[in-house]
Every structure is written in C-alpha cells, then in structure tokens.
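Right, one structure below, let's go through it.
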Amino acid sequence: MNVFYLDPDPVKCAKMHVDKHVVKMIVEYAQLLSTAHRVLDGNESIELSKNGRKIKRYRFPNNLYKENTL
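For the sequence shown, the working numbering gives the first residue as 3, with consecutive numbering after it.
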C-alpha cells in the first residue's frame, strides 16, 4: 500500500499526481481504510473476513501511523 507524498504543499502535491497515481490511489486508500476499520473496530481481528479476505500489510508503517492518529 502506498501513499503518494510528492510535495509538502497539498496544492502542488495534487498537481503533481498523474493519472497513474490517481487510479491507483483509489485502491490504496480503500485498503488503508478497510484495514483501519477491521483493526480498530474493537475486535482487532486479523482473521478472514466474512467474504474470505485477509487483512493485508496491517503492520506497514502507513497503517501503523494511520491507526495511531485516528
């Protein structure tokens, strides 16, 4: 999972993103939010979900940062 940090200025950062970044970001942020929900909803479950999916990379630095700031 990647967060595309291209510039500290959010306006410049948005302008620097190309179509390839934008398409990939939808999936990346959906994975981050899904992982946050599954880890922080009180159960801290890393088991398979109801639809059979596993949490992926739940201990990646960007996930740890996200969990500690929510």
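Think of the CB as a built atom: it goes at the ideal place given N, C-alpha and C, for glycine as much as any other residue. The model shown is predicted, which means the values in this text are computed figures rather than measured ones.
- Residue state for H19 is assigned as coil, using DSSP reduced to three classes.
- Pairing M18 with T37, the inter-Cα distance amounts to about 27 Å.
- Secondary structure of P10 (DSSP, three-state): coil.
- In this structure, D21 lies away from C15, with their beta-carbon atoms at least 8 Å apart.
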